[in-house]
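Take the sequence shown: its letter number 9 is residue 648 in my numbering, and every next letter is one higher. Take a look at the structure set out below.
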Amino acid sequence: MKTLRQDVSEIKGILSLTNKRLDDVNTHLVDQSRRIDETNKRLDRLYEVIVRREEHEQLSARVQRLEEAMANLEKRITA
Numbered sequence: 640m641k642t643l644r645q646d647v648s649e650i651k652g653i654l655s656l657t658n659k660r661l662d663d664v665n666t667h668l669v670d671q672s673r674r675i676d677e678t679n680k681r682l683d684r685l686y687e688v689i690v691r692r693e694e695h696e697q698l699s700a701r702v703q704r705l706e707e708a709m710a711n712l713e714k715r716i717t718a
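Structure representation (structure tokens):
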């Protein structure tokens, strides 16, 4: 009976250490998840900036073509 109580005591100690380790891992995973969320937000923001820059370049090119077309029309009208 004494051996059985020692075994139970050892198992409880091991279980306690295992639970502590699981708590530590869980805390670490929560922190990693928060960091991943922050990184995803920064990537989303970067994507928005890149898309806006591309849209701006496309609009600038379109405005330039329209200005050239308008200048050509003005030349044709005055000719």
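In this text, a Cβ means the ideal position worked out from N, Cα and C, and glycines have one as well.
{"Check": "Distance between Glu649 and Thr642 (C-alpha atoms, nearest Å)", "Outcome": "10 Å"}
{"Check": "Distance between Glu677 and Gln697 (C-alpha atoms, nearest Å)", "Outcome": "30 Å"}
{"Check": "Alpha-carbon spacing of Arg715 relative to Leu682, whole angstroms", "Outcome": "49 Å"}
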